[in-house]
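Reading through the C-alpha cells given below for one structure.
Protein chains: 2
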Amino acid sequence: MKSFLFIAALPLVSAHIHARAADGIVTPNSFNYTNLGGPLNWYGLNTTANDACAKGTHQSPIDIGTQTVDYAVAGSVNFNVTNVPSAKFENLGSGLEVVITNGSLATNNITYPLAQFHFHTPSEHRVNEEYFPMECHFVFETEAKQIAVVGFLMELSPFGYTTPLFDSVFAHLDDISNAGTYTETGPLDFTGIISHFNKFGVYTYNGSLTTPPCSENVPWFISTEPLWINVQQYRAVKNVLKYNARYTQDTLGQTNLLEVAAKELN
Amino acid sequence: MKSFLFIAALPLVSAHIHARAADGIVTPNSFNYTNLGGPLNWYGLNTTANDACAKGTHQSPIDIGTQTVDYAVAGSVNFNVTNVPSAKFENLGSGLEVVITNGSLATNNITYPLAQFHFHTPSEHRVNEEYFPMECHFVFETEAKQIAVVGFLMELSPFGYTTPLFDSVFAHLDDISNAGTYTETGPLDFTGIISHFNKFGVYTYNGSLTTPPCSENVPWFISTEPLWINVQQYRAVKNVLKYNARYTQDTLGQTNLLEVAAKELN
Chain H
185 MKSFLFIAAL PLVSAHIHAR AADGIVTPNS FNYTNLGGPL NWYGLNTTAN DACAKGTHQS
245 PIDIGTQTVD YAVAGSVNFN VTNVPSAKFE NLGSGLEVVI TNGSLATNNI TYPLAQFHFH
305 TPSEHRVNEE YFPMECHFVF ETEAKQIAVV GFLMELSPFG YTTPLFDSVF AHLDDISNAG
365 TYTETGPLDF TGIISHFNKF GVYTYNGSLT TPPCSENVPW FISTEPLWIN VQQYRAVKNV
425 LKYNARYTQD TLGQTNLLEV AAKELN
Chain B
185 MKSFLFIAAL PLVSAHIHAR AADGIVTPNS FNYTNLGGPL NWYGLNTTAN DACAKGTHQS
245 PIDIGTQTVD YAVAGSVNFN VTNVPSAKFE NLGSGLEVVI TNGSLATNNI TYPLAQFHFH
305 TPSEHRVNEE YFPMECHFVF ETEAKQIAVV GFLMELSPFG YTTPLFDSVF AHLDDISNAG
365 TYTETGPLDF TGIISHFNKF GVYTYNGSLT TPPCSENVPW FISTEPLWIN VQQYRAVKNV
425 LKYNARYTQD TLGQTNLLEV AAKELN
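Chains H and B are the protein sequences, given in the same order.
For reference, each letter of the first sequence is one residue, going 185 to 450 in my numbering.
For reference, each letter of the second sequence is one residue, going 185 to 450 in my numbering.
Take a look at the structure:
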C-alpha cells in the first residue's frame, strides 16, 4: 500500500526500516478486537472469569461528559514514575505494552505500584462524545490486586511534534510488528508527562479494566489535556496495533449494553 | 482545549473562524453512537424496522481480509458523478452528508442513481484488521430501493496534503457544527476520486447499511487505496462528527454478534 512507502521515507522510522529481530518472545493475549475474539464476545470466551465484561454496570471506557464527570482536586493524586535507561516493550497482540514497575500512584491513602503502561488506537475514552486517535494507560496494581489507571488521550499534531517520551518508546517498534515478540525501548524520561498531568486538570471516575476480565472498582485518572503525537508515529503504531479499542460502555450505573441487547432479543 | 487554538491558527479553518450562520435546518437522525442511542441498541430503538441490526448475518462494516475478499474485475463497475458548483451539506447528528443526485453506479446490469455521500470517523471498514481515521461512502439507490455503496478509506498525509474534493466539501464546515443544520459546499470536482477508483483495485462484497435499519443485500465497492486527508481537516471534521463508526460486525454469513452475546447471557 502507498502508506507503507510514505512511512518508509520518513526519518523517524527509516533508521529501522531494516528491522532488527525481536529480542524475544512473550505469550500474546487470547482476546482481540475482531469477530468472535472481540469485545462483544469477551464474556463468551470465558463466562466465569469475564463475567463483568457482559454484566458489569461500571464498565470502561465511557464517554466523559465534562459537565458531569468529577475532577480530581489538585494535589490529591500523586503520579510518579522514575526515569529508566530502557524497558521491555512487548507486542501482546491485543496491545503494545512497556513493562516498567518503578513508579507509583498515591491517592485516597492507597499507594498503587506501577505494573506497566500500554497503548490503544483509536482512543477508548471519549470526551463530550469525541474520540482521539490514541490513548495511553499507566496501570498500577497493589499486592492485594487493587488496580488504578492513569490515562492520557493523544491527539495529532499538525506540526509534526511528538511528545518526546513516545519517540523513545517507539524507537524499536519495527522489531515487534508480530504479536508475541518483545524488544527494548530507548531511554524513558517521564518528567514531561508527569508535569503535564500535574499542570492540567484530571477527570476521575470509578470504572473497570477495558480488557478481559473487565474487573471493576478501578479508579481512573485521565488528564484533561491530550498529549501530542505526529502523523508518522501514529500511522506506524496503528499499522502494528491495527485496532484495539473496546466500544464505549453505557453510562456509569446503567445496565450493561450487552444485557440490554440480550433482553431485547429474548 | 489546546487543540482548538491550534486549529484556529491554521489557514484552512481560519477563514471561517467567525462561523456564518447555517443556511437552514434539517431533521437530525434519532440514532447515534453513544450509550442507549448507539449501535448495540439500534435494534432496541425499533425492533421491527431495525431487525437486521441485531439479527442480520451479512452486516457491514466488516474486517476486509485482503486474502479472502473478492475484487471487482476492472471495468465491471462504472462509478460516475457529475461535477457541480455546490451542493447541500447537512449535519444529521449521526453524520455529515452531501446531498447530490447527479451520479450513478452501474454494475451487474443495474444502474443505481446517486443519493448522497457522507463521512465516518474513525473508519467503519478495516483492512487486515487495521482501521483508518476516516471513511467516505457514496450511497446509490434505485427507485425499487436497491442500494449500493462505493467506499473510500481515508488516511492521514504526513505532508499536509488533502484530496482537493475534501477542501471544497469541508469549506463551510464551521457553519454546521450543530446537528440539524445545513450549509453549502464549495465547487465539487469528482474527476480525481473517480480516476482513483478506476486506477486501483476495488474490494467488493455483499453487506448492509452501516446505520439503521441495517438493510442487507447491499453490494459494496471499496477502493483498495485510501484517499489522503491532512491533520487539520481530520481534526476539524472529528470535532464535529465526534465519533460515528459502527463496531466491526462478524464474518459474513456468521451469526450476528448481538445474537451470540444474547445466547451466552440467557
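A virtual CB, placed ideally from N, CA and C, is assigned to each residue, including glycine.
In the three-state scheme derived from DSSP, where H, G and I count as helix and E and B as strand, B:SER288 is classed as strand. Taking 8 Å as the cut-off, the Cβ atoms of B:THR432 and H:GLY222 count as close. Scanning its chain for C-beta atoms nearer than 6 Å, with the 5 sequence neighbours on each side dropped, one finds around H:GLY279 the residues HIS302 and ASN428, in chain order. Closest in C-alpha terms to H:HIS309, from the list H:ALA420, H:ASP207, H:VAL421 and H:PHE405, comes H:PHE405.
Secondary structure note for H:LYS383: its alpha helix (DSSP H) is the uninterrupted segment 375-383. Apart from sequence neighbours up to five positions away, the residues of its chain that approach H:LEU298 with a beta-carbon distance below 8 Å are VAL265, ILE284, THR285, ASN286, GLY287, SER288, LEU289, PHE322, VAL323 and PHE324, ordered along the chain. From the listed residues H:LYS447, H:LEU425, H:GLN251 and H:PHE384, the smallest Cα separation to H:VAL261 is found for H:PHE384.
Secondary structure at B:GLU443: helix, using DSSP grouped into helix, strand and coil. Not one beta carbon of chain H lies nearer than 8 Å to the beta carbon of B:ASP351.
Of all C-beta pairs linking the stretch 355-366 of chain H to the stretch 374-392 of chain H, fewer than three are shorter than 8 Å, placing the two stretches out of contact. Residue state for B:PHE324 is assigned as strand, using DSSP reduced to three classes. Contacts with chain B (Cβ-Cβ distance below 7 Å) from the stretch 243-271 of chain H involve ASP247, listed in chain order. Under a criterion of Cβ atoms nearer than 7 Å, the residues of chain B adjacent to H:LEU441 are, in order, LEU224 and ASN225. When DSSP states are grouped into helix, strand and coil, H:ILE331 belongs to the strand group.
At a cut-off of 8 Å between beta-carbon atoms, H:LEU372 makes no contact with chain B.
The beta carbon of H:ALA206 sits no closer than 8 Å to any beta carbon of chain B.
The shortest C-alpha to C-alpha distance from B:GLY240 to any of B:MET338, B:ILE413 and B:VAL402 is the one to B:VAL402.
DSSP places H:SER352 inside the alpha helix (DSSP H), whose first and last residues are 348-353.
Contact annotation: B:LEU337 and B:SER352 have beta-carbon atoms that are not nearer than 8 Å.
Counting C-beta atoms within 10 angstroms of its own C-beta, H:GLN251 has fewer than 16 neighbours from the protein chains shown and is therefore classed as exposed.
For H:GLY437, the closest Cβ of chain B is not nearer than 8 Å.
For a Cβ distance threshold of 7 Å, residue set ASP247, GLU313 and THR432 of chain B lies close to H:THR218, ordered along the chain. Apart from the 5 residues on each side of it in sequence, H:ILE378 sits with its Cβ closer than 8 Å to the Cβ of PHE263, ASN264 and VAL265 in its chain, given in chain order. Proximity to H:ASP247 across B:ASN216, B:GLU314 and B:ILE413 peaks at B:ASN216, based on C-alpha coordinates. In this structure, B:ILE413 is the residue among B:ILE413, B:ASP434, B:PRO212 and B:VAL210 with its C-alpha nearest to the C-alpha of B:GLY344. For H:TYR427, the chain B residues whose C-beta falls within less than 7 Å of its own C-beta are ARG310, GLU313, GLU314 and TYR315, listed in chain order. Of all residues in the stretch 412-427 of chain B, those with a C-beta nearer than 8 Å to a C-beta of chain H are ASN414, VAL415, GLN416, TYR418, ARG419, LYS422, ASN423, LYS426 and TYR427, reading in chain order. For H:ALA420, there is no enclosing beta strand (DSSP E); the enclosing alpha helix (DSSP H) has its first and last residue at 415-425. For H:LEU229, the enclosing alpha helix (DSSP H) stretches over residues 226-229. A Cβ-Cβ contact shorter than 8 Å links B:GLU448 with H:THR231. In the displayed model, H:LEU276 falls within coil according to three-state DSSP, outside both helix and strand. In this structure, H:TYR366 lies near H:VAL210, with their beta-carbon atoms less than 8 Å apart. The C-beta distance from H:ASN219 to B:ASP235 rounds to 22 Å, too long to meet the 8 Å contact threshold. Relative to H:ALA363, the option among H:CYS237, H:ASN275, H:GLY259 and H:PRO397 whose CA is nearest is H:ASN275.
Exclusion of the five residues before and after B:VAL415 leaves LEU340 as the residues of its chain whose Cβ lies within less than 7 Å of its Cβ. By the CB criterion at 8 Å, H:VAL386 and H:ALA238 fall outside the cutoff.
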